[in-house]
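K.L.:
Residue numbers (this note's numbering): 121 to 210.
Virtual Cβ for every residue (Gly too), placed ideally from N, Cα, C.
None of these values were measured; they are calculated from a predicted model.
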């Protein structure tokens, strides 16, 4: 096997993660990852009854559709909810 094929195989292998690895990337607990998979909110590949792997790109796509979007920040200084020194001089 040449070096290019080895790097492609390594990259493809790296995309499938354990629950622990995915939890570290998503900054959630391992039990949260397992619960999301059990609820069908993220895709999981069950290899055996005890081994489950997660395809990182597929998980990110699934989560992008469920994550509530934050409203864009309003840069207008007149409508900012944060106090400024100008508010105290009025």
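Residues bridged to residue 165 by DSSP?
P.N.:
Per DSSP, 173.
K.L.:
Measuring straight from C-alpha to C-alpha, what distance separates residue 208 and residue 147?
P.N.:
40 Å
K.L.:
Here's the rule: buried if 16 or more other CB atoms are within 10 angstroms of the residue's CB, otherwise exposed. What is residue 162?
P.N.:
buried
K.L.:
Does the Cβ of residue 165 have 16 or more other Cβ atoms within 10 Å, making it buried, or fewer, making it exposed?
P.N.:
exposed
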